[in-house]
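A.B. asks: The opening residue of the sequence shown carries number 1 in my numbering; numbering runs sequentially from there.
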Amino acid sequence: MQFDSNYRQLNSVPRSADVNSEQRHPIRGIRMIASGSMATEVGKLQVEVSVSRQRSVLNTQQEKHDVATELSYWDDPGDGSKPTPIVIGKGRITNERPHVPHSVVISDVSGDEDHYTLDSHGFQYCRSKSKEKEFVDDEKIQAEYYSECKQLLRDVTGASRVVIFNHKVRRGPTQWHHLGLKNLANRGPVTKTHVDQSYDGAELRLRWELPEEAEHLAQKRYQIINIWRPIKTIRKDPIAVADAFSVPDADLVAAEMVEDDYHGEQWVVRYNSAHRWYYKHLLSPDEVLLIKCFDSNESVARRALHSAFEDPVYRGKESRQSIEVRCLVLYDT
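1. Could you check which residue in 152, 311, 205 has the C-alpha nearest to that of residue 161?
2. Where does residue 216 land, buried or exposed, given buried means 16+ other C-beta within 10 angstroms?
3. Counting only the same chain and skipping the five closest in sequence on each side, list residues whose C-beta sits under 6 Å from that of residue 106.
4. Cα-Cα, which of 170, 272, 226, 65 is closest to residue 72?
5. At what residues does the alpha helix (DSSP H) containing residue 222 begin and finish?
6. Using 8 Å as the cut-off, can you tell me whether the stretch 287-297 makes contact with the stretch 187-203, which would need three or more C-beta pairs spanning the two stretches below that distance?
7. Quick one, which of 189, 104, 211 has its alpha-carbon nearest residue 172's?
8. Anyone know if the C-beta pair for residue 311 and residue 236 falls short of 9 Å?
9. Tell me whether the beta-carbon of residue 193 lies closer than 9 Å to the beta-carbon of residue 306.
10. Any idea what DSSP makes of residue 275, helix, strand or coil?
11. If contact is defined by three or more beta carbon pairs under 8 Å, each pair taking one atom from either stretch, is the stretch 116-131 in contact with the stretch 141-157?
12. Can you name the residues that DSSP bridges to residue 313?
13. Can you look up residue 266 in the DSSP assignment and give me helix, strand or coil?
14. Let's test the definition: count the other Cβ atoms within 10 Å of the Cβ of residue 238 and tell me whether it reaches 16, buried, or not, exposed.
15. Report, in whole angstroms, the separation of the C-beta atoms of residue 233 and residue 284, which I expect to be a contact under 8 Å.
16. The alpha helix (DSSP H) with residue 216 in it runs from where to where?
17. Cβ of residue 120 within 9 Å of Cβ of residue 300?
18. So the alpha helix (DSSP H) residue 202 belongs to, where does it begin and stop?
19. Using a Cβ-Cβ cutoff of less than 6 Å, which residues in the same chain neighbour residue 112 once the five nearest sequence positions on both sides are dropped?
20. Per DSSP, which one or two residues make a beta bridge with residue 253?
21. Select from 282, 304, 212, 331 the residue whose C-alpha is nearest the C-alpha of residue 322.
22. Let's see if you can read the secondary structure: which residues bound the beta strand (DSSP E) around residue 124?
23. Let me know the secondary structure DSSP gives residue 71 once reduced to three states.
24. Quick check on this structure: which residue in 304, 308, 76, 63 has the alpha carbon closest to the alpha carbon of residue 244?
25. May I ask which residues mark the beginning and end of the alpha helix (DSSP H) holding residue 368?
26. Taking residue 191 as the reference, which of 248, 74, 325, 150 has the closest Cα?
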């Protein structure tokens, strides 16, 4: 695997040291076109939104493709009840938590990838070519692609050890949860805002994967990071990630997740208009998105909400194809 941590080594634009600064998250040039295909929250007016912007970066023009769309957030009943568990395996598959759509603008990071890092935002884009191209053989993925992923994370984070605990290939429709277990291989995008592990859920995963070492490892820094790669260039149902510092812990609600014999815990999310969402338009198979799901270091970005979303421009196109590899990232100190 070839890895380039900097997208624009010669054309980097300095960013503010304040990771919470609103000034480094401009949203400009929004253009709305009525087409009767998407409901907004104001009066449920039917519109289709196409967003583009231009930004000059050191004498070069980088086209932006921001998207005004909707994301699904957990519908909090307000009575203190816990979200319904997700169950995958044991003869069934359920994902019946009530969610409600909220209108958002998702900003395109193209040309500004270097501004977003795991510790400053909770996600990071990297150029990273893989020898594997099709990702159709699980044994080959584990035998060959896993080693590439481990080296990538060691290079990016400086971690001493990476333990991969599973991977998911997604080629199916967005409503794949309703297809039943026999179609589990046809997983599609997840269109609900979430984080794969809650803070407690991260420790549950650590203890499940490394039971004899967990007590010792939990005293040091550890992370859970997903490596998300397109199998084909992403057009339909791209993945969005939220700036960790725009999402207070108060917006996160722990929810049980059961997959076969494993009982874990993830975050579902209450809507907040302060959430700042990002993606990269036309992400290619030679690029990866690193998504931090947990970090035991409380002084940096600790987790990034994420969700697939609909870009109206690509509605009806071929289903998205992607692979995500989920990793425990361990440190000596």
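Every residue, glycine too, gets a C-beta built ideally from N, C-alpha and C.
C.D. replies: Working from what's here:
1. 152
2. exposed
3. 67, 240, 277, 279
4. 272
5. No alpha helix (DSSP H) holds residue 222; the beta strand (DSSP E) holding it covers 222-230.
6. yes
7. 189
8. yes
9. Contact flag set, yes.
10. coil
11. yes
12. Paired residues: none, contrary to the question.
13. strand
14. buried
15. 5 Å
16. 214-217
17. yes
18. 199-209
19. Excluding sequence neighbours, residue 112 sits near nothing in its chain.
20. 268
21. 282
22. The continuous beta strand (DSSP E) containing residue 124 extends over residues 123-129.
23. Three-state result, residue 71: strand.
24. 304
25. The shown model of the chain, from 1 to 333, leaves out residue 368, and the question about it has no answer.
26. 74
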